[in-house]
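**Student:** Every position in the sequence shown, counted from 1, becomes a number in the numbering used here once 596 is added.
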Amino acid sequence: MFQFFANIFGYLLQLLYMLVNNYGLAIILFTVAIKLILLPLSIKQQKTMKKSTELQEKMKVIQFKYKNNPEKMNQEMMNLYKTENMSPFSGCLTAIIQIILLLSIFYLVRSPLTFMEKIPQEDINRYVVQLQEEGKQVSQAYPEIDLIREYNWLKEKNPDDENIEKLNLQMNFFGLDLSKVPQQNMTDYTVYIIPVLYILSSFISIRMTTAMQQKQQKEKKNVTIDGETGKELVPQEENNEMDAVMQTNKMMSWMMPIMSISIAFIAPLGLALYWLMSNILMIIERLVLNKLIKA
């Protein structure tokens with residue numbers, strides 16, 4: 597499935613590369629295009645997050661009121677979701693799309709000759725064998741990246757091969773070689789620039805999301821009061837339990853960036869550049885959408 601999406605994304609990335617003739621710029625434009633395509637989903641997600649926060653107090657009341665009757669509690673919860681026109685699984689779609697994007701674009705950046713340049717696999721295997729017979733090192737994880745680096749040598753060995761020119765991808769991006777893998781070039785400080793910027797942008801994004809959620813929570817009272825009787829519907833200790841659940845959810849929000857950072861250090865820099873630009877655009881998107889949704 598991921599290779600299928602990588603193949604589709606490859607057409608878009610190739611089109612953008614033909615326009616700018618630079619792999620880094622093409623990835624930036626590719627990131628913008630993906631964000632625009634997913635914008636309706638992002639708007640819906642932002643609205644859902646805001647509405648979910650507003651439902652927290654009602655959910656607390658139901659959970660406390662029917663804490664000794666799980667079946668009734670679940671029934672009331674489903675009625676609440678139905679009344680508010682929300683789904684308890686509304687966040688799952690976003691998570692699934694993130695995983696698909698994560699792995700599909702990893703495949704794309706790992707094998708640009710296959711998914712972007714559409715070079716037949718038999719030709720790629722033939723080029724790899726030529727390099728190996730010459731005693732040149734070819735990575736098992738990223739053989740196509742090594743083929744791109746050895747373009748000049750392969751062109752001399754295959755002067756009449758029409759596919760050879762497809763290996764000549766412009767990987768230099770403001771002095772950074774996007775074909776390099778940090779794990780394989782640990783003595784080259786330049787390979788850490790994009791991953792470090794990605795880590796910083798991830799931290800900013802998570803902090804911003806957490807701050808928005810905390811701000812929305814502060815707008816709610818710590819104790820839920822019955823409007824008719826004036827009595828507490830949910831004691832303070834119950835609120836504290838819900839806060840603990842929210843804290844767990846915040847910790848879970850770190851999992852995707854941590855996984856991405858781990859992959860960024862073992863993948864070509866082109867992948868880290870995509871994630872960096874994706875984070876920057878996501879921060880801008882959330883700030884803008886948050887103001888628009890409030891308005």
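Here a beta-carbon is modelled for each residue, glycine too, at the ideal position from N, C-alpha and C.
Is it buried or exposed, residue 746, if we count other Cβ atoms within 10 angstroms and call 16 or more buried?
**Tutor:** The residue labelled residue 746 in the question sits at position 150 within the sequence shown. By the 10 Å Cβ count, residue 746 comes out buried.
**Student:** Tell me the DSSP secondary structure of residue 773 in three-state form.
**Tutor:** Along the sequence shown, read from residue 1 onward, the residue named residue 773 stands at position 177. Looking at residue 773 - three-state DSSP - the assignment turns out to be strand.
**Student:** In whole angstroms, what separates the C-alpha of residue 780 from that of residue 738?
**Tutor:** Counting from one through the sequence shown, the residue named residue 780 turns up at place 184. Counting from one through the sequence shown, the residue named residue 738 turns up at place 142. Between residue 780 and residue 738, the C-alpha separation is close to 11 Å.
**Student:** Which word fits residue 832, buried or exposed, when buried means at least 16 other C-beta atoms lie within 10 angstroms of its C-beta?
**Tutor:** Within the sequence shown, numbered from 1, the residue matching residue 832 stands at position 236. The predicted model places residue 832 with a pLDDT of 49, which falls under 50 and marks its position as unreliable; any figure quoted below should be read in that light. Residue 832 should be labelled exposed.
**Student:** Tell me the DSSP secondary structure of residue 768 in three-state form.
**Tutor:** Here residue 768 refers to the residue found at position 172 of the sequence shown. Looking at residue 768 - three-state DSSP - the assignment turns out to be strand.
**Student:** With a cut-off of 8 Å on the beta carbons, I'd call residue 720 and residue 743 a contact; round off their distance for me.
**Tutor:** Residue 720 sits at position 124 when you count from the first residue of the sequence shown. Residue 743 sits at position 147 when you count from the first residue of the sequence shown. The Cβ separation is near 7 Å, so the contact holds.
**Student:** Can you confirm whether the region 764-771 touches the region 602-621 when touching is taken to mean that 3 or more C-beta pairs between the two stretches lie within less than 8 Å?
**Tutor:** With the cut-off at 8 Å, the region 602-621 and the region 764-771 touch.
**Student:** Would you mind stating whether residue 672 and residue 661 have Cβ atoms separated by less than 9 Å?
**Tutor:** The residue you call residue 672 lines up with position 76 of the sequence shown. The residue you call residue 661 lines up with position 65 of the sequence shown. Yes. Within cutoff.
**Student:** Rounded to whole angstroms, how far is the Cβ of residue 623 from the Cβ of residue 870, which I believe are closer than 8 Å?
**Tutor:** The sequence position of residue 623 within the sequence shown is 27, counting from 1. The sequence position of residue 870 within the sequence shown is 274, counting from 1. With a Cβ gap of about 5 Å, residue 623 and residue 870 count as contacting.
**Student:** State the DSSP-derived secondary structure class of residue 807, mapped to helix, strand or coil.
**Tutor:** Numbered from its first residue, the sequence shown carries residue 807 at position 211. Correct three-state label for residue 807: helix.
**Student:** Assign residue 714 to one of three DSSP states: helix, strand, or coil.
**Tutor:** Here residue 714 refers to the residue found at position 118 of the sequence shown. Here residue 714 sits in coil by DSSP.
**Student:** DSSP state of residue 887, grouped into three classes?
**Tutor:** Taking the sequence shown and counting its residues from 1, one reaches residue 887 at position 291. Residue 887 falls in the helix class under three-state DSSP.
**Student:** Decide yes or no for the touch test of the region 777-796 against the region 871-882: beta carbon pairs closer than 8 Å, at least 3 of them.
**Tutor:** The answer is yes - the region 871-882 touches the region 777-796, with three or more Cβ pairs under 8 Å.
**Student:** Can you tell which of 669, 730, 645 and 644 has the C-alpha that lies nearest to the C-alpha of residue 656?
**Tutor:** Against the sequence shown, residue 656 aligns to sequence position 60. For residue 656, the nearest C-alpha among the options comes from 669.
**Student:** Check the Cβ-Cβ distances between residue 874 and every residue of chain C, and say whether any is below 9 Å.
**Tutor:** Absent from the structure: chain C. Only one protein chain is present.
**Student:** Report all residues from its chain with a CB closer than 7 Å to the CB of residue 603; omit the five preceding and five following residues, and keep chain order.
**Tutor:** In the sequence shown, residue 603 corresponds to position 7, counting from 1. So the list reads 711, once near-sequence residues are dropped.
**Student:** Which runs of the alpha helix (DSSP H) spanning at least 4 residues fall entirely within the region 614-696, listed in chain order?
**Tutor:** Counting only runs of 4 or more, we get 619-633, 635-661 and 666-679.
**Student:** Hey, residue 631 and residue 638: beta-carbon distance below 9 Å or not?
**Tutor:** What you label residue 631 is simply residue 35 of the sequence shown in a count that begins at 1. What you label residue 638 is simply residue 42 of the sequence shown in a count that begins at 1. Yes. Within cutoff.
**Student:** Would residue 883 be called buried (16 or more neighbouring beta carbons within 10 Å of its own) or exposed?
**Tutor:** Looking up residue 883 in the sequence shown gives position 287. Its Cβ having fewer than 16 others within 10 Å, residue 883 is exposed.
**Student:** Name the residue from 636, 634 and 612 whose alpha carbon lies nearest to the alpha carbon of residue 626.
**Tutor:** Position 30 of the sequence shown, counted from the first residue, corresponds to residue 626. Of the candidates 636, 634 and 612, the one whose C-alpha sits nearest the C-alpha of residue 626 is 612.
**Student:** Could you compute how far the alpha carbon of residue 601 sits from the alpha carbon of residue 859?
**Tutor:** As a working mapping, residue 601 is identified with position 5 in the sequence shown. As a working mapping, residue 859 is identified with position 263 in the sequence shown. Approximately 19 Å, taken between the alpha carbons.
**Student:** Between which two residues does the alpha helix (DSSP H) harbouring residue 739 extend?
**Tutor:** Numbered from its first residue, the sequence shown carries residue 739 at position 143. Segment 739-745, the alpha helix (DSSP H) holding residue 739.
**Student:** Output needed for residue 725: all residues of its chain with C-beta closer than 6 Å, excluding positions within five of it in sequence on either side, in chain order.
**Tutor:** In the sequence shown, counting from the first residue as 1, residue 725 sits at position 129. Hits under 6 Å: none found.
**Student:** Nearest-angstrom Cα distance between residue 667 and residue 640?
**Tutor:** The residue given as residue 667 occupies position 71 in the sequence shown. The residue given as residue 640 occupies position 44 in the sequence shown. One C-alpha to the other measures close to 30 Å.
**Student:** Using a Cβ-Cβ cut-off of 7 Å (strictly less than) and excluding sequence neighbours within five positions of residue 708, which residues of its own chain qualify?
**Tutor:** Translated into positions along the sequence shown, residue 708 becomes position 112. Closer than 7 Å at the Cβ level, and outside the excluded window around residue 708, lie 740 and 765.
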